[in-house]
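Here the numbering used here is used: the first residue of the sequence shown is -15, the next is one more, and so on.
Each remark here refers to the structure printed beneath this line.
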Amino acid sequence: MFVFFGTILPAYLVFTFTFTLKYADFTHLLPIWQHKITELLQASYHMSLTSVGFEAILFIYPFINQPQKSKKWAHIGVATTTIFYTILAIIAFAYFSKKQLENTIWATLSMWQMVQFPFVERFEYIGVANWCLILLPNICLSLWIASRLLKRATKLKQRKGAILISTISVIIVTFFEKGLDIERFNQVVELVSVAFVFVYIPFLYCLSLIIKKVKKT
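Spelled out as structure tokens, the structure:
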């Protein structure tokens, strides 16, 4: 339910970014293909904080009814997300110059400052409030997975585990008082995410293949 409404209700925000098009300069995208492979890999590494989360399917898959028939919708969801991120990135690159992007922490919030309605003076407040609906499904899904793992590891009831993890998370958040603290935390999450996706999961996959082969022999 949270995932459904977290996608449908704030969907109108996509159209609010069109307000910046009249100030956009698409020559900022030129020249194309001038970056080295190492620079592209470095950019992908810093994007890991945004793209990570797909590994949740490893925990959700056993609970999907008729998973073979769900593949089509999973691919449609991934394609829709990828297209949205691509369009938003192109708009941001065209609206901001290179130096502006280097000094802008929340580019999306800055673009919302250009949105003007006769009945709304500061649309960014509405945008941020609605953006929380997008974050809520991710939080709920991560909390469910964490409490599920805690239940499997310690035999603690999932409901109590969810309350425990939520309490710990709220306490930890209070220690982040400055933007620099959040930036350092994001750097740690980037490193852990890349290690988890590209090292830990492939290691488990290879290990499972070895175990299956040993059992057959």
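We treat Cβ as the ideally placed atom computed from N, Cα and C, and that holds for glycine.
A quick note: this is a predicted structure, and the numbers were derived from the prediction, not measured.
At the level of alpha carbons, what is the spacing between residue i and residue j?
i              : j               : result
proline -6     : threonine 201   : 54 angstroms
glycine 163    : alanine 113     : 19 angstroms
lysine 6       : arginine 106    : 19 angstroms
glutamine 26   : alanine 40      : 24 angstroms
glycine 37     : cysteine 190    : 21 angstroms
methionine 31  : leucine 24      : 10 angstroms
serine 81      : isoleucine 48   : 45 angstroms
isoleucine 74  : proline 186     : 32 angstroms
aspartate 9    : lysine 83       : 14 angstroms
serine 59      : serine 150      : Rather than serine, the amino acid found at residue 59 in this sequence is histidine. Each residue's Cα considered, the two are about 31 angstroms apart.
leucine 13     : tyrosine 69     : 16 angstroms
leucine 117    : lysine 55       : 25 angstroms
isoleucine 155 : leucine 148     : 11 angstroms
valine 157     : phenylalanine 3 : 34 angstroms
isoleucine -8  : tyrosine 184    : 34 angstroms
For residue i, count neighbouring C-beta atoms within 10 Å of its own C-beta (all shown protein chains included) and say buried if the count is 16 or more, exposed if not.
i              : result
alanine 76     : buried
tyrosine 79    : buried
methionine -15 : exposed
alanine 172    : It is worth fixing the name first, because residue 172 is valine in this sequence and not alanine. It counts as exposed.
glycine -10    : buried
alanine 130    : buried
If I follow the unbroken alpha helix (DSSP H) through residue i, where does it start and stop?
i                 : result
phenylalanine -14 : -14 to -8
leucine 191       : 185 to 200
histidine 59      : 51 to 79
glutamate 161     : Where glutamate 161 is concerned, there is no enclosing alpha helix (DSSP H), given that its DSSP letter is neither H nor E.
alanine 91        : 91 to 96
leucine -3        : -3 to 0
Can you check DSSP and say which residues form a bridge with residue i?
i          : result
valine 104 : Phe101
DSSP state of residue i, grouped into three classes?
i             : result
glutamate 23  : helix
glycine 37    : coil
glutamate 167 : helix
proline 121   : helix
proline 15    : coil
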